[in-house]
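Student:
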Amino acid sequence: MKVEKANFNLQQIPMNQSPVQFAKPGAQAASFTGHYNSTDIYKELMHYMPRSVKLMMKAKEWTGEVQNIVINSVGTGLIAPIFIKYNPLSKTDEDTRTYSAWRQPVSALLAILTQVGATIPFNQKVSSMAHQGKLGQDYNMTPFMDEKYLKKLVKRQHPDFTPAQIAERAEQMKNAQFEEVIKDLKTKNTVMFIEDGKPNKVEMNPKRYKETLIKTITNLIKEETAEKKKSDETKRQFRIRRSEYYRTHADKANAHLDSLLEIFASGDIEKVKKSLASKIGKMKSNKEDKELILFTQEIFKLGNKSNDNKTINSMRDKVNRAKSYVHDYSAMTSREQVIERVNRSIDGRVTEIDKELKFFEKVKQAILEDKTVHEIEDMFTAEHLKNKRLQEKPVKFAEQVAMQLKKQTKSCINGYKQVGGIFVSLATLFISCPLLNWVYPKFMAAVFPNLSNGKHQKDTTNLILQANNPAEFQKKAEVKS
Amino acid sequence: MKISSIAKATKPYIKKFNNLCEKPYRALANVKIGKYRPMDIVNDNYIADNTKFITGLGVTSIVLKDGVGCYMYVTQSLNNKEIPDDKRKFVAALDLANGGLMILLQLGMFFTISNKKVQEKMFNALFGKHFDRAASKGYQAMLKNNDLLKDMKGSDFHPVLNQARKDVKAAFENVTSLFAASVVAKRMLVPFIATPLADKTKVWMSRNDKPVQVSKETQNTYDTHKAGIDKKENVKGQSEEHKHANLLDRFKK
Numbered sequence: 000m001k002v003e004k005a006n007f008n009l010q011q012i013p014m015n016q017s018p019v020q021f022a023k024p025g026a027q028a029a030s031f032t033g034h035y036n037s038t039d040i041y042k043e044l045m046h047y048m049p050r051s052v053k054l055m056m057k058a059k060e061w062t063g064e065v066q067n068i069v070i071n072s073v074g075t076g077l078i079a080p081i082f083i084k085y086n087p088l089s090k091t092d093e094d095t096r097t098y099s100a101w102r103q104p105v106s107a108l109l110a111i112l113t114q115v116g117a118t119i120p121f122n123q124k125v126s127s128m129a130h131q132g133k134l135g136q137d138y139n140m141t142p143f144m145d146e147k148y149l150k151k152l153v154k155r156q157h158p159d160f161t162p163a164q165i166a167e168r169a170e171q172m173k174n175a176q177f178e179e180v181i182k183d184l185k186t187k188n189t190v191m192f193i194e195d196g197k198p199n200k201v202e203m204n205p206k207r208y209k210e211t212l213i214k215t216i217t218n219l220i221k222e223e224t225a226e227k228k229k230s231d232e233t234k235r236q237f238r239i240r241r242s243e244y245y246r247t248h249a250d251k252a253n254a255h256l257d258s259l260l261e262i263f264a265s266g267d268i269e270k271v272k273k274s275l276a277s278k279i280g281k282m283k284s285n286k287e288d289k290e291l292i293l294f295t296q297e298i299f300k301l302g303n304k305s306n307d308n309k310t311i312n313s314m315r316d317k318v319n320r321a322k323s324y325v326h327d328y329s330a331m332t333s334r335e336q337v338i339e340r341v342n343r344s345i346d347g348r349v350t351e352i353d354k355e356l357k358f359f360e361k362v363k364q365a366i367l368e369d370k371t372v373h374e375i376e377d378m379f380t381a382e383h384l385k386n387k388r389l390q391e392k393p394v395k396f397a398e399q400v401a402m403q404l405k406k407q408t409k410s411c412i413n414g415y416k417q418v419g420g421i422f423v424s425l426a427t428l429f430i431s432c433p434l435l436n437w438v439y440p441k442f443m444a445a446v447f448p449n450l451s452n453g454k455h456q457k458d459t460t461n462l463i464l465q466a467n468n469p470a471e472f473q474k475k476a477e478v479k480s
Numbered sequence: 000m001k002i003s004s005i006a007k008a009t010k011p012y013i014k015k016f017n018n019l020c021e022k023p024y025r026a027l028a029n030v031k032i033g034k035y036r037p038m039d040i041v042n043d044n045y046i047a048d049n050t051k052f053i054t055g056l057g058v059t060s061i062v063l064k065d066g067v068g069c070y071m072y073v074t075q076s077l078n079n080k081e082i083p084d085d086k087r088k089f090v091a092a093l094d095l096a097n098g099g100l101m102i103l104l105q106l107g108m109f110f111t112i113s114n115k116k117v118q119e120k121m122f123n124a125l126f127g128k129h130f131d132r133a134a135s136k137g138y139q140a141m142l143k144n145n146d147l148l149k150d151m152k153g154s155d156f157h158p159v160l161n162q163a164r165k166d167v168k169a170a171f172e173n174v175t176s177l178f179a180a181s182v183v184a185k186r187m188l189v190p191f192i193a194t195p196l197a198d199k200t201k202v203w204m205s206r207n208d209k210p211v212q213v214s215k216e217t218q219n220t221y222d223t224h225k226a227g228i229d230k231k232e233n234v235k236g237q238s239e240e241h242k243h244a245n246l247l248d249r250f251k252k
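Residue numbers (numbering that gives the first Met the number 0), protein chains in the order written: chain A, 0 to 480; chain B, 0 to 252.
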């Protein structure tokens, strides 16, 4: 990525200060909820995810033209030759099929070299232009410069910095930028952009700004609607089923829960995991109650990826909670009583979500009526006192807007790279196709001479020499050996 | 002349050249067809994280390249004197059959695999267990072991897990659709059908040709129908004249 020396007008970052002097940024990374930073939770969560999930996350990062080319080339280079050469349906002779099959890996290699070779610099140029505000506001990354770009910027301005100092300063700049966006949202009711590397910032297009605010609140509505649906359908059914089991099989459930508590007594997570795994296996082979097997699996999964003995406490807590549920539900006399109690609990939650959704609709209306972000934040503060759900999960609207805009801009850049990448790789075809036609026969002549004219010509020359002048042929052969 | 003064003198030209290079980039971002900007459609779908559109764009890219590539490969193979005469038409025919089938099968495969129901089933079968209720409780408990997250509530955790599921699902849909189109359809099914189809295409392409003399150097010696002994008989059956044309036989004599 090319880094412009030009003025990025990061007035809040005194560039001539050392990172040590600037070590009190006070700028915290944004939080969706105000409780915990969702980015931190996300990163931590990924540590515990299995390899297959991590692999998919990597694939998500790489979505774009380069990924398309690589997947396509894997198929071309590794799979296609097998299906061409060993095709029982083809009547063409094997030599010709082999000759054609070898065209595929050669073609794949050239595609990677030419297409990826052209797409990567294209993507880098797009990122660089987006970070200088040269592609228009949809792609303007100047308020949200990424760490990679900021590191290069710091390195250019402070060649004496160590990598750790560069990383620290880049992190500070990133946080300060984000804080500035939030400040602008609250005080100026807009987002300021650098355009074309010019020092004077310009305001965000008002139409686009309003759309971003609406998109932010719409996302919150979507999230809460999904939560409501989950509580209303999945959770309700699950809790009725399990509670009813506890009511009707109290003794069996209690005995099973006690046996689980005994397993935890060892205090060693590895032993606990082993014992739970073998218990699940035995329960399955004995065809024990499905509900108990499911519960044991849930307990096992609590510690499945952990090597920390503290996890046993979470397992024990869950079992003890289940024991109290068994105690409560076993006192009930009918299924109706169970349903009533579960409904009461779920309905309470659904009502809170409904209240919150109503408030979000009010906010949406306020945005349509051109209320400022500051005024909307005041609405949230006032509602916070009345709404239990908002107390549980506070919303900082300006932060949400900033996060939304950053996500939106990144998405637009990805779209741009994909479309541009199509043109770039189409253009490279005019190089890769003639190149393939030039390389392929030469490659075949060098590596598989029996299949091409080259070796035969050489063989023929040798045979003529051998037939006409055996002494010279012998001499040549000796020199060769 | 000092290097710094050369740099100073060339600076405006470098800037001009840079601006010239950036023109197509700016043009793509701002190009309009009538009142509409095509990139707005792309932006809207990328902002909405419309996986079907994003994957569709990927497949379109591959299909477009195949179309252009097919045309170029066929014309160039036909004119490539370095490919033996007797194999040239077959290579070109294989390219043509490949190209046509590739485009059709890739689109067919993409629409099948990227179907919402198919995706949901595949995703649940492969990744469902990592995001179910039990797994969710497990991750939450493990995260709480971290001192920095010990007071984390379900309301903090669940949106993050949902986002992770969404991200993994989007990546899965993209990778499986691309794999199905560009590996299964294009590289497994197409060659299987295209190779025999190429035999027919070759015949069609050669319908007006004079008989081509098969190059002795590359004449195929492999016969899938007859055993080695039959081949020997064939050699014996060759005319005397033909035998003498073979230098190796002449030398052996």
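Virtual Cβ for every residue (Gly too), placed ideally from N, Cα, C.
1. Does the beta carbon of residue 170 of chain B come closer than 7 Å to any beta carbon on chain A?
2. Unbroken alpha helix (DSSP H) runs of length 4 or more, entirely within the region 114 to 170 of chain A: which are they?
3. With DSSP as the reference, label residue 11 of chain B as helix, strand or coil.
4. Tell me whether the beta-carbon of residue 271 of chain A lies closer than 7 Å to the beta-carbon of residue 279 of chain A.
5. Could you check if residue 111 of chain B is buried or exposed, using at least 16 other CB atoms within 10 Å of its CB as the buried criterion?
6. Beta-carbon of residue 146 of chain B versus every beta-carbon of chain A: anything under 7 Å?
7. In its own chain, which residues sit with a C-beta less than 7 Å from the C-beta of residue 338 of chain A, not counting the 5 before and 5 after it?
8. Please tell me whether residue 328 of chain A has its Cβ less than 7 Å away from any Cβ of chain B.
9. Considering only their Cβ atoms, is the gap separating residue 378 of chain A from residue 246 of chain A smaller than 7 Å?
10. In whole angstroms, what is the alpha-carbon distance linking residue 141 of chain A and residue 169 of chain A?
11. Return the chain-ordered ranges of every alpha helix (DSSP H) run that is complete within the region 163 to 234 of chain A and spans a minimum of 4 residues.
12. Is the CB-CB distance between residue 67 of chain B and residue 91 of chain B below 7 Å?
13. Tell me the DSSP bridge mates of residue 35 of chain B?
14. Considering only the beta carbon of each residue, do residue 76 of chain A and residue 41 of chain B sit closer than 7 Å?
15. Should residue 82 of chain A be flagged as near chain B, meaning a C-beta pair shorter than 7 Å?
16. Pick helix, strand or coil for residue 104 of chain A, following the three-state DSSP scheme.
17. Taking the beta carbon of residue 262 of chain B as the centre, do at least 16 other beta carbons fall within 10 Å, making it buried, or is it exposed?
18. Roughly how many angstroms separate the alpha carbons of residue 411 of chain A and residue 421 of chain A, rounded to a whole number?
19. Considering Cα atoms alone, identify which of A:103, A:183, A:432 and A:87 is closest to residue 71 of chain B.
20. Just how far apart, CA to CA, sit residue 71 of chain A and residue 164 of chain B?
21. Around the C-beta of residue 175 of chain B, are 16 or more other C-beta atoms found within 10 angstroms, so that it is buried, or is it exposed?
22. Would you grab the beta carbon distance between residue 300 of chain A and residue 152 of chain B for me? Rounded to a whole angstrom, and I think it's under 8 Å.
23. Kindly indicate if chain A contains any beta-carbon less than 7 Å away from that of residue 36 of chain B.
24. Along chain B, in chain order, which residues have C-beta atoms closer than 9 Å to that of residue 120 of chain A?
25. At 7 Å on the CB atoms, spell out the chain B contacts of residue 491 of chain A, in chain order.
26. Hey, is residue 82 of chain B's beta-carbon within less than 7 Å of any beta-carbon in chain A?
27. Along chain B, in chain order, which residues have C-beta atoms closer than 8 Å to that of residue 424 of chain A?
28. Answer with yes or no whether the minimum CB distance from residue 419 of chain A to chain B is below 7 Å.
29. Can you find at least 3 beta carbon pairs, one from the region 362 to 381 of chain A and one from the region 141 to 158 of chain A, that sit closer than 8 Å?
30. With H, G and I counted as helix, E and B as strand and the rest as coil, what does DSSP make of residue 305 of chain A?
31. Relative to the ligand MG, is the shortest distance from any of its heavy atoms to the C-beta of residue 122 of chain A smaller than 6 Å?
32. I think residue 58 of chain B touches residue 177 of chain B, with their Cβ atoms under 8 Å apart; what is that distance to the nearest whole Å?
33. Considering only the beta carbon of each residue, do residue 198 of chain B and residue 90 of chain A sit closer than 7 Å?
34. By a C-beta neighbour count over all protein chains shown, 10 Å radius and 16 as the cutoff for buried, is residue 94 of chain B buried or exposed?
35. Any beta carbon from chain B within less than 7 Å of residue 86 of chain A's own beta carbon?
36. Ignoring anything shorter than 3 residues or poking outside the region 246 to 279 of chain A, list the beta strand (DSSP E) runs there in chain order.
Tutor: So, from the listed chains and residues:
1. Indexing the second sequence from 1 puts residue 170 of chain B at position 171. By this cut-off, residue 170 of chain B is an interface position.
2. 116 to 130 and 146 to 156
3. For the purposes of this step, residue 11 of chain B is taken as the residue at position 12 of the second sequence. Note: residue 11 of chain B maps to helix in three-state DSSP.
4. Here residue 271 of chain A is taken as the residue at index 272 of the first sequence, counted from 1. Here residue 279 of chain A is taken as the residue at index 280 of the first sequence, counted from 1. Not in contact: residue 271 of chain A and residue 279 of chain A (Cβ atoms no closer than 7 Å).
5. Counting from one through the second sequence, the residue named residue 111 of chain B turns up at place 112. Around the beta-carbon of residue 111 of chain B, fewer than 16 other beta-carbon atoms lie within 10 Å, marking it exposed.
6. Residue 146 of chain B sits at position 147 when you count from the first residue of the second sequence. Closer than 7 Å: no.
7. Here the question's residue 338 of chain A lines up with position 339 in the first sequence. Correct list, in chain order: 239.
8. Locating residue 328 of chain A in the first sequence gives position 329, where the first residue counts as 1. Not an interface residue.
9. In the first sequence, the residue the question calls residue 246 of chain A occupies position 247. In the first sequence, the residue the question calls residue 378 of chain A occupies position 379. No, Cβ-Cβ distance for residue 246 of chain A and residue 378 of chain A is not below 7 Å.
10. To locate residue 141 of chain A, count along the first sequence from 1; it is residue 142. To locate residue 169 of chain A, count along the first sequence from 1; it is residue 170. About 14 Å.
11. 205 to 228
12. What you label residue 67 of chain B is simply residue 68 of the second sequence in a count that begins at 1. What you label residue 91 of chain B is simply residue 92 of the second sequence in a count that begins at 1. In this structure, residue 91 of chain B does not lie closer than 7 Å to residue 67 of chain B by Cβ.
13. The residue you call residue 35 of chain B lines up with position 36 of the second sequence. Answer is B:32, bridged to residue 35 of chain B.
14. As a working note, residue 76 of chain A is residue 77 in the first sequence. As a working note, residue 41 of chain B is residue 42 in the second sequence. For residue 76 of chain A and residue 41 of chain B, no; Cβs fall outside 7 Å.
15. Mapped onto the first sequence, residue 82 of chain A falls at position 83. Interface with chain B (7 Å Cβ-Cβ cutoff): residue 82 of chain A is included.
16. Taking the first sequence and counting its residues from 1, one reaches residue 104 of chain A at position 105. It is helical.
17. Given that chain B is displayed from residue 0 to residue 252, the structure contains no residue 262 of chain B and the question cannot be resolved.
18. Walking along the first sequence from the start, residue 411 of chain A turns up at place 412. Walking along the first sequence from the start, residue 421 of chain A turns up at place 422. Cα to Cα, the separation comes out at about 16 Å.
19. Locating residue 71 of chain B in the second sequence gives position 72, where the first residue counts as 1. The candidate whose alpha carbon is nearest that of residue 71 of chain B is A:432.
20. Stepping through the first sequence from its first residue, residue 71 of chain A is reached at position 72. Stepping through the second sequence from its first residue, residue 164 of chain B is reached at position 165. Cα-Cα distance, rounded: 26 Å.
21. Position 176 of the second sequence holds residue 175 of chain B. It counts as buried.
22. For the purposes of this step, residue 300 of chain A is taken as the residue at position 301 of the first sequence. For the purposes of this step, residue 152 of chain B is taken as the residue at position 153 of the second sequence. Not really, about 20 Å apart at Cβ, beyond 8 Å.
23. The count along the second sequence starts at 1 and reaches residue 36 of chain B at position 37. So no, residue 36 of chain B is outside the interface.
24. Position 121 of the first sequence, counted from the first residue, corresponds to residue 120 of chain A. Neighbours of residue 120 of chain A on chain B: none; closest Cβ ~11 Å, over 9 Å.
25. Look at the range of chain A in this structure, 0 to 480, and you will see that residue 491 of chain A is not part of it.
26. On the second sequence, position 83 is the one that residue 82 of chain B refers to. In terms of beta-carbon proximity, residue 82 of chain B lines the interface with chain A, with at least one pair separated by less than 7 Å.
27. Stepping through the first sequence from its first residue, residue 424 of chain A is reached at position 425. Taking the beta carbon of residue 424 of chain A as reference, the chain B residues within 8 Å of it are 60 and 64, listed in sequence order.
28. For the purposes of this step, residue 419 of chain A is identified with residue 420 of the first sequence, where counting begins at 1. Yes, contact with chain B.
29. no
30. Residue 305 of chain A sits at position 306 when you count from the first residue of the first sequence. Coil, per DSSP.
31. Questions concerning the ligand MG fall outside what the structure shown contains, since it holds no ligand whatsoever.
32. Here the question's residue 58 of chain B lines up with position 59 in the second sequence. Here the question's residue 177 of chain B lines up with position 178 in the second sequence. With a Cβ gap of about 7 Å, residue 58 of chain B and residue 177 of chain B count as contacting.
33. Taking the first residue of the second sequence as 1, we reach residue 198 of chain B at position 199. Taking the first residue of the first sequence as 1, we reach residue 90 of chain A at position 91. Yes.
34. Within the second sequence, numbered from 1, the residue matching residue 94 of chain B stands at position 95. Flag for residue 94 of chain B reads buried.
35. By one-based count along the first sequence, residue 86 of chain A stands at place 87. Taking Cβ atoms only, chain B reaches closer than 7 Å to residue 86 of chain A, which makes this a yes.
36. none
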